[in-house]
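Protein chains: 2
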Amino acid sequence: MKKAAPISPSTSTAARRPAREIAPPSLSAAARPGVPLYKEVRRLMVDAVSSGEWPPASAIPSEKVLASRFGVAMGTLRKAVDELVAEHVLIRQQGRGTFVARHDRARLMFHFFHIVGADGSKETPTVELHAFARGRADADEAAHLGIAEGAPVFRIVNILKLVGVPVIMDRIAIAQARFPGMTLTAFRDRPNTIYHLYQNSFGITVLRTAERLRAVAADADGARSLGVKTGSPLLEIRRTALTFNDEPVEYRRSLVNTAKHEYFSDLAKTV
Amino acid sequence: MKKAAPISPSTSTAARRPAREIAPPSLSAAARPGVPLYKEVRRLMVDAVSSGEWPPASAIPSEKVLASRFGVAMGTLRKAVDELVAEHVLIRQQGRGTFVARHDRARLMFHFFHIVGADGSKETPTVELHAFARGRADADEAAHLGIAEGAPVFRIVNILKLVGVPVIMDRIAIAQARFPGMTLTAFRDRPNTIYHLYQNSFGITVLRTAERLRAVAADADGARSLGVKTGSPLLEIRRTALTFNDEPVEYRRSLVNTAKHEYFSDLAKTV
DNA sequence: AAGTGGTCTAGACCACCAT
DNA sequence: TGGTGGTCTAGACCACTTA
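Each protein sequence line maps, in turn, to chains A and B.
Just so we're aligned: 500 in the working numbering is position 12 of the first sequence, and the numbers increase by one with no gaps anywhere.
Just so we're aligned: 741 in the working numbering is position 253 of the second sequence, and the numbers increase by one with no gaps anywhere.
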């Protein structure tokens with residue numbers, strides 16, 4: 489076995505290790521008792537991604553190389569990669585390699601944009617920045633961002649238009665501590681999606697979201713922004729965007745005019 | 489190799505087959521070219537479940553037995569089972585066996601009931617049957633049930649109460665052809681959930697749902713049923729419930745009073 | 001003690017992509 | 001042609017449940 493740094497053949501919890509590795513102390517990362525080897529490999533790979541060793545869109549080393557680097561068999565390495573592919577952290581491409589997932593427009597639309605036309609068609613919205621301000625987190629924002637009440641935040645208001653008609657008003661709150669140096673111009677002039685900006689300029693990758701929805705009556709502000717009468721029913725979405733380890737990074741309150749659009753939830757495969 | 493009925497070592501598409509199986513014709517089910525072996529195994533297992541050979545809650549044969557029965561290696565068999573477990577068709581229990589998933593109350597609440605309190609807590613609702621009737625599918629129902637307009641349907645109206653307060657009005661439509669012999673009493677006196685009734689009395693297992701949400705103003709009927717004023721904002725959910733092969737089996741329109749509750753969507757792991 | 005699923009190994013050949 | 005991921009094999013030992 490010419491492997492480099494076997495993670496940890498130590499505990500008797502995981503499956504059989506080769507006999508010639510009965511004793512050697514864990515070299516790089518000690519696996520805790522009860523944790524399968526492939527989970528430990530997975531953790532090391534998440535570290536490599538979130539630390540920036542493997543930046544977005546880059547190709548990671550081949551499975552053969554990684555198996556050797558971690559001192560595990562191909563099957564074990566693949567099981568770790570399988571999980572990260574399922575969570576959209578990595579993307580496999582047969583014949584080409586495995587890549588760190590990048591937040592491009594297609595991914596945003598597919599995974600994080602749930603408003604569709606009445607016929608189920610999904611259009612890309614045009615985004616208009618209406619406000620960018622510094623402030624201090626209120627209780628609601630603090631709770632959902634996992635920060636202290638009164639901690640400094642950025643607040644952004646966007647109006648999203650579909651086929652020229654305003655349909656969604658987004659009010660976004662992010663912690664200033666997580667996005668140091670964020671500016672109005674960075675936000676306004678970004679050539680790509682907002683999650684792409686988070687990822688490329690601040691090293692924050694949004695992996696999943698939790699959303700809570702309710703029907704509300706339009707207040708004066710919402711009514712004006714979306715061109716409906718005060719009191720009209722609007723769909724309110726409160727979204728928390730999460731990164732690695734389920735850490736919250738963005739809190740977004742959206743108002744949606746569902747007269748000609750709707751929210752689509754495909755609680756699909758393998759939830 | 490003392491395996492029983494190797495699925496199909498025929499085409500050169502899948503990976504290596506043992507040399508001594510170069511020629512033998514496919515015995516039970518011919519795998520089509522380009523289809524991996526484990527997908528074919530998976531298909532056979534789905535057949536066994538949906539045909540009733542493995543009824544709900546029953547233990548399926550052990551992995552060793554199944555690998556032999558299908559003439560594949562354990563790893564291949566496990567890959568097929570992995571998928572069905574991820575889709576909640578099967579449930580693995582270490583040391584006990586693998587079982588066909590059953591529609592009990594816990595599963596309903598976890599996978600198919602998305603209304604939570606303002607604090608995120610989930611309570612089990614009490615269900616009141618308000619109407620049961622035969623009718624003919626309108627265009628909307630026909631489209632979502634995959635049947636012809638005018639085809640016979642059952643229509644059920646339920647009021648769901650949380651802590652004694654009516655919060656949800658469900659209007660359910662199902663094709664009579666799929667639920668022969670369905671009666672008011674079967675519906676009213678079921679000791680378990682409605683999906684449990686579908687599964688046990690009609691052999692229909694609901695696997696997943698697609699939901700479309702919008703905010704609407706309460707009409708007279710909805711307002712009366714939910715105890716709110718006409719015109720109040722209500723959350724409308726239109727749900728299509730699907731079984732194997734994504735066949736629609738139930739179309740449900742719900743109205744939800746989201747004054748003190750909300751819809752929770754955890755577009756979580758591995759969507 | 002026997003049987004089940006859970007993890008892991010150390011390979012093999014295949015399909016695909018880039019060169 | 002060489003390298004990548006995709007599939008598959010034939011085992012092993014471990015952890016857990018049940019009897």
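We put the beta carbon where it would ideally sit given N, CA and C, even for glycine.
Fair warning: this is a prediction, and the values are worked out from it, not measured in the lab.
Asked, Found
"Three-state secondary structure assigned by DSSP to B/MET657", "strand"
"B/PHE642 classed as buried or exposed, judged by whether at least 16 other C-beta atoms fall within 10 angstroms", "buried"
"Given 8 Å, three or more beta-carbon pairs between the segment 747 to 755 of chain A and the segment 689 to 706 of chain B", "yes"
"Inter-stretch contact at 8 Å, needing at least 3 Cβ pairs: the segment 549 to 561 of chain A / the segment 632 to 649 of chain A", "no"
"Minimum C-alpha distance to A/LEU730 - residue among A/ALA698, A/GLN687, A/ALA589, A/ALA619", "A/ALA698"
"Stretch pair the segment 620 to 639 of chain A + the segment 709 to 724 of chain A: three plus CB contacts closer than 8 Å", "no"
"Chain A within 9 Å of B/LEU701, Cβ atoms only", "yes"
"Assigned secondary structure, A/VAL588 (DSSP; H/G/I helix, E/B strand, else coil)", "strand"
"Interface flag, B/LYS649 vs chain A, CB-CB below 9 Å", "no"
"DSSP state of B/GLY785 mapped onto helix, strand, coil", "The structure shown does not extend to residue 785 of chain B, since chain B spans only 489 to 759, so no value can be given for it."
"Short CB-CB distance (under 9 Å) between B/LEU525 and chain A", "no"
"Under the three-state DSSP convention, the category A/THR758 falls into", "The predicted model places A/THR758 with a pLDDT of 38, which falls under 50 and marks its position as unreliable, so this point remains unresolved."
"As assigned by DSSP and simplified to three states, the class of A/HIS576", "coil"
"Short Cβ contact (9 Å threshold) for A/LEU617 with A/PHE675", "yes"
"Buried versus exposed, by CB contacts within 10 Å (16 or more), A/PHE598", "exposed"
"Minimum length 4: unbroken alpha helix (DSSP H) runs contained in the segment 598 to 675 of chain B", "627 to 633"
"Residue span of the beta strand (DSSP E) that contains B/ALA711, given as start and end", "Looking at the DSSP string, B/ALA711 is not in any beta strand (DSSP E); the run it does join, the alpha helix (DSSP H), is 708 to 714."
"Neighbour list for A/ALA698 in chain B, Cβ cutoff strictly below 7 Å", "ASP754"
"Range of the contiguous beta strand (DSSP E) that encloses A/ILE725", "721 to 730"
"Nearest to A/LYS552 (by Cα), restricted to the options A/ALA589, A/LEU565, A/LEU714", "A/LEU565"
"Partner residues on chain A for B/TYR751, Cβ-Cβ distance less than 8 Å", "ARG700, LEU701, ARG702"
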